[in-house]
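**Q** Here you go, one structure.
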Amino acid sequence: MSTTTTNEETVHYKGSCHCKKFEFEFDVPKITKAHSCNCSICHQKATVYHFMPLEKVKFTKSSFKEASAYQFGQKRYKHMFCPVCGCSPFGTDNDEKGGAINLRAVEGIKLKELEITEIDGASL
Ligand SMILES: [Zn+2]
């Protein structure tokens with residue numbers, strides 16, 4: 002048995018919604034970049050994304066499937082939110098393969114230190 006090693010050191014991140022119904026953890030190389038999106042819902046919620054499949058996120062409290070999903074337009078994405086506090090710590094695609102973590106819900110993230118690129122979601 003061999004184990005996969007990488008040269009990149011990973012950082013352990015923890016996130017939650019505001020009421021902590023949802024708590025989760027993930028290990029990725031230090032996050033220095035993020036994405037914002039100019040679609041109508043992301044604009045209104047001011048989400049800042051780190052994209053990663055939700056299956057690689059360890060949910061320590063509640064499963065992401067317990068979050069409410071808001072869909073609109075072509076309904077390609079599930080804009081997920083906590084049914085208790087209304088915060089949106091993560092989202093996923095319709096097939097739940099892709100995913101995005103809202104960095105505003107992650108401890109230790111300083112938004113002003115991130116290089117944020119805007120996605121033109123409004124045109125998709
Ligand atoms: Zn909550």
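To convert, note that position 86 of the sequence shown is 87 in the numbering used here; the numbers rise steadily by one, no gaps.
Using N, Cα and C, we set each Cβ at its ideal position, and we do this for glycine too.
1) Got a list of residues with beta-carbon closer than 7 Å to any non-hydrogen atom of ligand 1, in chain order?
2) Identify every run of the alpha helix (DSSP H) within the stretch 30-59, keeping only runs that are complete inside it and at least 4 residues long; order them along the chain.
3) So what does DSSP say about residue 65, is it helix, strand or coil?
4) Label residue 3 either buried or exposed according to how many other C-beta atoms from any shown protein chain fall within 10 Å of its C-beta, with 16 as the threshold for buried.
5) Looking at the structure shown, is residue 113 part of a helix, part of a strand, or coil, going by DSSP?
6) Residue 73: buried (16+ other C-beta within 10 angstroms of its C-beta) or exposed?
7) Rounded C-beta distance between residue 63 and residue 23? I'm assuming under 8 Å.
8) Along the chain, where does the beta strand (DSSP E) that runs through residue 100 open and close?
9) Going by the C-beta, is residue 97 closer than 7 Å to any heavy atom of ligand 3?
10) To the nearest angstrom, how far is it from the Cα of residue 114 to the Cα of residue 33?
11) Distance, Cα to Cα, residue 121 vs residue 81?
**A** According to the structure shown:
1) 18, 19, 20, 21, 22, 23, 83, 85, 86 and 88
2) 41-46
3) helix
4) Caution applies to residue 3, whose pLDDT of 49 falls short of 50 and renders its modelled position unreliable; the value that the coordinates give is listed next. By the neighbour-count rule (16 or more Cβ atoms within 10 Å), residue 3 is not buried but exposed.
5) helix
6) exposed
7) 5 Å
8) 100-103
9) By its list of ligands, the structure shown excludes ligand 3, since it contains just ligand 1.
10) 7 Å
11) 20 Å
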